[in-house]
Structures are given as C-alpha cells and as structure tokens.
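Note sheet for the following structure.
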Amino acid sequence: PTLVISHNKTLAAQLFSEFSSLFPDNRVEYFVSYYDYYQPEAYVPQTDTYIEKDASINDKIDRMRHSATRSLLEHRDTIIVASVSCIYGLGSPEDYREMILAIEVGEEVERSKILKKLVEMRYERNDIDFSRGKFRVIGDIIELFPVYEKEAVRIELWGDEIERISLFDPVTRHTKKHLEKVYIYPATHYLAPPERLEYVLESIRKELKQRLKKLKSQEKLLEAQRLESRTNYDLEMITEVGYCTGIENYSRYFSGRAPGERPSCLI
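First residue of the sequence shown: 962, per our numbering; consecutive thereafter.
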C-alpha cells in the first residue's frame, strides 16, 4: 500500500480525483478529518464556564475513512490520499481485525449468533431507519448497511445455513450482485472484544477515582463533580451500546496502551 499525505483537505481531494483517474485498477482511497465543524471542550476558570464539545460529522467522509482502512486489510494495491489526520490515534488494528465477520454461502451458523456479532461490532439494529451502520431483520433475512459501502448486504438463511449473499441498493432494494463470501468490518475503529470490555471499564473507573481524589484534595469540588458525572455517563453508554460521544478520549484503554505510549494510527 502507498500513503500520500497532502497539506489540506482541498489538495487531498484534488489528488484523490487525479489518482482515481490515473490508477483505475487500484484501490484509491481518501482519508481526511470527517468533521465539518468541531468545537473542543473547554473550561473558562474566570467565569466558571464549561463549554461542552460539539461537532458535526460528514457522513460521506466517514464512509470513505472506513473504506480506506478496509482496503488496507484486503488489497495490496491500495493508494490512500490523506491529510495530517492520518497521524492521529485510530484504535487498535489488532482488535479491529479480530472483530471482522466472515460469512460464506453454505456455511452453517445460527441467526442469533450473527445478530450478536453485529451488535458487538457496533452495528445498530433498526428495522425502520435503514442507514449506514445499521441492520434489520426480516424473517430469515438479515439486511446490513456497512459503514464503508454505498451498497447494502443481504444475507438469506435457510434454517441455520447461509443460502444466499447479495449486494443491493438500499433505496430501491434492487439486487446488484450475488456473492459467495463477504467480510463485514466493524462499524467503528474504537472497540474492544467483549471479553476485554469489562477490564476496559474497570481501568477507566480506577483512573477516575485517582483524578477525583486529586481534585478534592485541591478543593476543586465542582470540577470533581463535573468529571464524575460525565465519566459515569460515558461508562453507562459504553456498557449499554458500546459507544459514547468522545470515545476517542478513552482510546488508551481500548487499545491497551501504557500511559504516554504512542497510539496506533493509519501509518
């Protein structure tokens, strides 16, 4: 694989367009920041004002980022055009690879196990709003909209056997292509295998206690209350749905890094 880093998003978009034309047989991908708008969290001590983090994510760019990481694992002829965003933390590649789900026609697998695995991969079940990162169940048919695709995947079962796999248009539901095998990649770059999730949560709680003790010793009771409230809310969200706003703040625990250790990134 080849990585081309540009100065900004605009130049990266131009290079992506040119490389797509120059290398039609290669996997040319685009990896830049997916924020249309980003306001970092901040605290103004003079007025005791806390400004919560706010952001707007570009759905198309988010899809392209996931497509880029998938291509790195599937194709040796991948060319990725990126901005400086490629040096920022991206979760553990080992955990990401471990959570990939392979499904093949003729394979015997219980429908419930497929659904459980999709939830562990952070896909959301929604039988009404079928969009990226979601799946729905219609009888013995599972329809999934991968976060990295423009097309959705339909998995048809006959009992516990995979009878048919196909790609289809999520709007018209028209079948585009039949597949013998499909690899489903996680819906997020930040995740941990189920067996390690409790350890991750306990590690976060342990540091929270240390931070609260330090703040209280400095008579910063309001700051301690705010930190405890926010962290406990995040822990509850991670426990219930496997995700929370600002989950990248806990990336060290998910990837198992030591304090100060460089995080994994696209490079």
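Cβ coordinates follow ideal geometry from the N, Cα and C atoms, glycine included.
On a predicted model such as this, the values are computed, not experimentally measured, just so you know.
Inter-residue spacing [alpha-carbon to alpha-carbon] between residue i and residue j
i	j	result
S1190	D1056	29 angstroms
K1167	P1220	14 angstroms
R988	T1039	5 angstroms
L976	Q1007	46 angstroms
L983	K1078	39 angstroms
R1037	P985	15 angstroms
M1060	Q1179	43 angstroms
E1035	L1227	15 angstroms
S1216	S981	33 angstroms
V1108	Q1186	36 angstroms
N969	D1015	22 angstroms
E1065	K1174	52 angstroms
K1074	L1062	11 angstroms
M1082	K1181	39 angstroms
S1044	G1100	44 angstroms
Y1004	E1184	10 angstroms
D1195	R1031	28 angstroms
Reference residue i; option with closest CA among the options
i	options	result
I1012	Y999, I1018, D1020, N1193	Y999
D1121	V1066, R1072, F992, M1198	R1072
R1097	L1076, S981, A1063	L1076
A1029	R1187, E1197, E1110	E1110
N1210	L1033, A974, A1063, L1162	L1162
L1128	I1103, A1003, T1010	I1103
R1115	K1142, D1090, T1206	K1142
E1201	L1158, P1001, T1133	L1158
E990	A1003, E1184, L1033, D1009	L1033
H1139	Y1049, P1147, I1126	I1126
Cβ-based burial, residue i [other Cβ within 10 Å; buried from 16]
i	result
K1137	exposed
L972	exposed
I1089	exposed
Spatial neighbours of residue i in its chain, beta-carbon cut-off 7 angstroms, leaving aside the 5 residues before and after
i	result
Y995	I1018, N1019, I1022, D1023, R1026
D1130	E1112, K1137
A1151	What sits at residue 1151 in the sequence shown is Tyr, not Ala. Once the five neighbours on either side are set aside, the close Cβ partners of Y1151 are G1052, I1208, E1209, S1212, F1215.
S1092	F1106
T1149	R1083, Y1204
E1085	G1094, K1095
E1117	D1101, I1102, E1124, R1125
Contacting residues, own chain, Cβ-Cβ under 8 angstroms from residue i (five flanking each side not counted)
i	result
C1047	L964, I966, F992, I1041, C1226, L1227, I1228
T1010	Y1004
Beta-carbon proximity list for residue i, same chain, < 6 angstroms, skipping 5 on both sides
i	result
I1145	L1062
Sequence ranges, alpha helix (DSSP H) only - wholly within the stretch 1058 to 1135, length at least 4: 1072 to 1081
Runs of alpha helix (DSSP H) wholly within the stretch 962 to 1042 (minimum 4 residues, chain order): 970 to 983, 1020 to 1035
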